[in-house]
Each structure stands twice: as C-alpha cells, then as structure tokens.
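Chemist:
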Amino acid sequence: MAASLRRRLVAAMLLSISFGPPAFADTCVSVPQTVAPARLAALSRGFNADGWINGEVPSRELLQQLRRAGMSHVRLPVPAERVMPRFASTVERDETLVVLVKALKQLTALGYAISVDLHPGERFNRLHKQDPDAALREMQEAWSGLAGIMHSYPADRIFAELLNEPDIDADTWQRQAETLAAFVRKLLPANTLIVGPVNWQRADSLPRFRPLADPDVVYAIHFYDPMVFTHQAHWDAQDPLHDIIDLPYPINAGDPKVQAIRRDLQARGAVKALGMLDVAIAAARDRPVADRWLAPALAWQQQFKRPIIINEFGVLKAGAPRQSRLRWLAEVTAYAREHCWGWTHWELAQGFGLVDRSTGRADPDVMRALLGGASRPGRR
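Throughout the sequence shown, residue numbering follows mature numbering (1 follows the signal peptide of the UniProt record, and there is no 0), covering -25 to -1, 1 to 355 in sequence.
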C-alpha cells in the first residue's frame, strides 16, 4: 500500500470516530443515511463477548484496554433459550435479564455501543425447523423481555440483532424477519436493528435476502472462509477438519507445507478434508480470499444501498500458524475498511479469542492486525 494511501486511510479512520465511517468513492458504496452515520461509526470496530451472559464476565481492566485501543462495539450474545418461556422458567429468564442489565450498565459506562444478539442453540433451532410459527412466538416473547431492559439505555448506543444464524429455509426466514422486525420496532422505536440471512449468514446467502421495509437496519454477515484454514484442529474429533493442523495462509498449492498436508490426508483417506483443502487451493488461485468470498455481499450492497457489518469472523487458535492467523485477520478487516463495513471479531477470550490467555490481556499482534497495522497481502 502506498504511503499516501495509507495516510489517507488512517486519517479517514480517525475522522470516522466522530463523524461516521470512512468514505472513498472508489471503494465504498454510497449508502443513504437511513442509519445515522454516528451509529455506523460505533459499529466499525468491535468484538463478540460470547459467554458473558453465561457467567464469563470480562474484567473491567480488559474492557478498558480494548476501548482505549479503539474498539467501539461489543456484540453481546444472549442465549435465546434462556429468555424464551418454552425453554426457561420465569426465575431463569429474570436472572438472565439481571445479568444483561449489569452488562449494559458496565459497557455503556465505558463508552461502548452494544448489539444485543438473540443467539439460539440446538433446542430453539430444532423448534424453528419443526414449528416455525411457534418459534416466531418464542422470538417475540424473548424480545419483549429484552426490549424491556434495552429501552432504558440511549437508543443510539444499543442495537437489536433479531436472531443469530437463522437455521431455516430462506423464504420462511424472509417472512419471519419482516414480521419480527415490525414487532421489535414497536418495542424499540428509536433503536437500529441488525439482521442477517440464513445459512450461517454467509456472504453468498445475502443475495437471497431482501432488505426490510424498515430503513433503520444494518445487515450482518459472518465470514470464516476458507473453513479449512479458520477451523483447522476443530474441537469435534468427528469433524473432517479435526486432524488438519499447521495449514498456512494464504493457501498455495506450491507451498511445501500445503503439499505435505495433502499427502498426509491422502494417506489417511481423509476424503472430505482433502476436498475442502483442494477447494481452498483452487479459490486462492483466483484472487485474495476476502475479495472472492465477500463479493456476493458487496454486489448485494451495490444493488440495494444498505449498510453491512461482518459481525462474526475469526480463526480457531488451536491449529493455525500464528502469522497466518494474523495475516487472515488483517485481510478481513482491511476489506471491511476499504468498503466502509463495520466488523466484530469472534470472539474475546475463548477458542477464537483475541485475548492472550497467558497474560489475560489483548494480544498486541492480533490488535495490530485487526486495527490496521498491516496492509493487505497483494495490495499496493
């Protein structure tokens, strides 16, 4: 990246803290200000605080460190079943909302914007497939409770994410998202909503999702491609990616390490993992991975002129080479900045976390990668 362009990017990023997201005519889609620029700026850099509602509360020192470093947004996953009458008692629901109150108080006091994310597990997902109407009623019940807490906080700081990774067919989710958005809008008339498509909210699923009639909505996608890299050394021993380890990024067919991994997979008859690796190798010949895999979301934005956030992305630390992980993270956030998209790293202190477990503090190299300490590979 040329020095002049780097200076321009840094200057725009600094301005965006006060005046909204950076805007470059050559890379950013012009989006009508149906969502306030200051709100989009608040969503520009963040992390997922997964586990907080279940008791893994980050230290105040860590949250302050991340805020000083430039993080402006915390995505707060709320386990859906813990706020739904079908799955939780009144006592459990009330206890969960008390934890949410404490989290919102602490985070707003530290200057963060927060997206409250209705984050379901297997029990809700089964219901969603088997009885979509009943699942919709549970989502409405959940949002009635969540909104009762959220309306006490400044609307420009608190975002309502309708449902994480809806595990249902696209047409049904389209109808339900429209219904649920209207329902939540009545409860939270001044808050910005966040919604995403089905199929793990992949970028290539967004083209099947029509923008909602509500103008004050940010559209969220998740990004973990290529999975063979981001999920190597998978925690599930039955997963094809469990036995892949030390796969570098970028994935280059001529790399001796990649060739050695291919030979190992072939020798062990790991057909599925080998197939995933070969797909990733083929994709890498085309263009940088972020450009290739995120292109459908960019095309959707060019068509509909709606704001986008990548509010989940990350690399499992267990098996990925450290420098490759940093390179991948830098590429994703650079792509987001170049297109004026917000981003929210998955996650804080667990398997994908940005925290160094040996120190309990944010990993400085990860922070540099996320916040723009390195240019994108292959860019000038």
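For glycine and all other residues, C-beta sits at the position ideal for the given N, C-alpha and C. In this text the structure is predicted, and so the values were computed from the model without any measurement.
Determine the closest residue to residue 332 out of 37, 10, 2, with distance taken between C-alpha atoms.
Modeler: Per the Cα distances, 37.
Chemist: Would residue 276 be called buried (16 or more neighbouring beta carbons within 10 Å of its own) or exposed?
Modeler: Result: buried.
Chemist: Quick one: what does DSSP say residue 140 is sitting in, helix, strand or coil?
Modeler: Looking at residue 140 - three-state DSSP - the assignment turns out to be coil, as it is neither helix nor strand.
Chemist: For residue 248, collect the residues of the same chain with a Cβ closer than 8 angstroms to its Cβ; drop the 5 residues on either side in sequence, then sort them by chain order.
Modeler: These residues qualify, in order along the chain: 203, 215, 216, 218, 219, 240.
Chemist: Short of 6 angstroms in beta carbon distance, which residues of its chain neighbour residue 58, apart from the five on each side in sequence? Order them along the chain.
Modeler: The residues are 68, 71, 117, 120.
Chemist: Per DSSP, what are the beta-bridge partners of residue 320 in this structure?
Modeler: For residue 320, which the question treats as bridged, DSSP gives the partners 22.
Chemist: Drop a sphere of 10 angstroms on the beta-carbon of residue 286, count the other beta-carbons inside from all chains shown, and report buried for 16 or more, exposed for fewer.
Modeler: Label assigned to residue 286: buried.
Chemist: Determine the direct distance from the alpha carbon of residue 297 to that of residue 26, and round the result to whole angstroms.
Modeler: Cα-Cα distance, rounded: 24 angstroms.
Chemist: Report yes if the CB atom of residue 338 is closer than 9 angstroms to the CB atom of residue 346, and no otherwise.
Modeler: For residue 338 and residue 346, no; Cβs fall outside 9 angstroms.
Chemist: Is the beta carbon of residue 93 less than 9 angstroms from the beta carbon of residue 163?
Modeler: No, they are not a contact pair.
Chemist: Quick check: what's the CA-CA separation for residue 114 versus residue 33?
Modeler: Whole-angstrom Cα-Cα distance: 27 angstroms.
Chemist: Okay, do the stretch 159 to 177 and the stretch 185 to 200 touch, 3+ Cβ pairs below 8 angstroms being the bar?
Modeler: Touching, per the Cβ criterion.
Chemist: In chain order, what residues of the same chain lie with their CB nearer than 8 angstroms to the CB of residue 4, ignoring the 5 residues before and after it?
Modeler: Hits under 8 angstroms: 273, 276, 277, 280, 314, 315.
Chemist: Can you give, in chain order, each stretch of the alpha helix (DSSP H) that sits fully within the stretch 97 to 140 and has at least 4 residues?
Modeler: Segments of the alpha helix (DSSP H) lying fully in the stretch 97 to 140: 97 to 105, 107 to 125.
Chemist: With distances taken from CA atoms, which of 131, 198, 318 is nearest residue 291?
Modeler: Of the listed residues, the one whose Cα sits closest to residue 291 is 198.
Chemist: Does residue 97 pass the burial test, meaning 16 or more other C-beta atoms within 10 Å, or should it be called exposed?
Modeler: With fewer than 16 other Cβ atoms within 10 Å, it is exposed.
Chemist: Quick check on this structure: which residue in 335, 84, 184 has the alpha carbon closest to the alpha carbon of residue 143?
Modeler: Of the listed residues, the one whose Cα sits closest to residue 143 is 184.
Chemist: At the level of alpha carbons, what is the spacing between residue 101 and residue 56?
Modeler: Straight-line Cα distance between these residues: approximately 12 angstroms.
Chemist: Just tell me which of 222, 132, 61 has its CA closest to the CA of residue 109.
Modeler: Of the candidates 222, 132, 61, the one whose C-alpha sits nearest the C-alpha of residue 109 is 61.
Chemist: Tell me the rounded alpha-carbon separation between residue 306 and residue 65.
Modeler: Looking at the two C-alpha atoms, the distance is approximately 45 angstroms.
Chemist: Where does residue -17 fall in DSSP's three states?
Modeler: Caution applies to residue -17, whose pLDDT of 32 falls short of 50 and renders its modelled position unreliable; the model cannot decide the point.
Chemist: Can you tell me whether DSSP reads residue 93 as helix, strand or coil?
Modeler: DSSP places residue 93 in strand when its eight states are reduced to three.
Chemist: I'd like the span of the alpha helix (DSSP H) that includes residue 168, first residue to last.
Modeler: Premise fails: residue 168 lies in the beta strand (DSSP E), 168 to 170, not in any alpha helix (DSSP H).
Chemist: With a threshold of 6 angstroms on Cβ separation, who are the neighbours of residue 357 within its own chain once the five nearest residues in sequence on each side are excluded?
Modeler: Residue 357 is absent from the model: the chain starts at -25 and stops at 355.
Chemist: Please report the straight-line C-alpha distance between residue 83 and residue 344, rounded to a whole angstrom.
Modeler: Looking at the two C-alpha atoms, the distance is approximately 26 angstroms.
Chemist: Grab me the residues of residue 351's own chain with a C-beta within less than 6 angstroms of its C-beta, minus the 5 sequence neighbours each way, in chain order.
Modeler: Summary for residue 351: the model assigns pLDDT 39, below 50, so the residue's position carries little reliability; its value from the coordinates is reported in the next sentence. Taken in chain order, the residues that qualify are 306, 309.
Chemist: Here's the rule I'm using: 16 or more other beta-carbon atoms within 10 Å means buried, otherwise exposed. How should residue 282 be labelled?
Modeler: By the 10 Å Cβ count, residue 282 comes out buried.
Chemist: Our contact map puts residue 294 next to residue 221 with C-beta atoms below 8 angstroms; I'd like the distance itself, whole angstroms only.
Modeler: That belief holds up - the Cβ atoms of residue 294 and residue 221 are roughly 7 angstroms apart, short of 8 angstroms.
Chemist: Starting from residue 283, trace the beta strand (DSSP E) both ways and give me its first and last residue.
Modeler: Looking at the DSSP string, the run of the beta strand (DSSP E) that includes residue 283 is 283 to 288.
Chemist: Applying the 10 Å Cβ sphere with the 16-neighbour rule, what's the burial state of residue 299?
Modeler: When all chains shown are included, residue 299 counts as buried.
Chemist: Here's a check: name, in chain order, each residue in its chain whose Cβ is nearer than 6 angstroms to the Cβ of residue 206, leaving out the five neighbours to either side.
Modeler: Cβ within range, chain order: 216, 291.
Chemist: Between which two residues does the alpha helix (DSSP H) containing residue 252 stretch?
Modeler: Start and end: 246 to 259.
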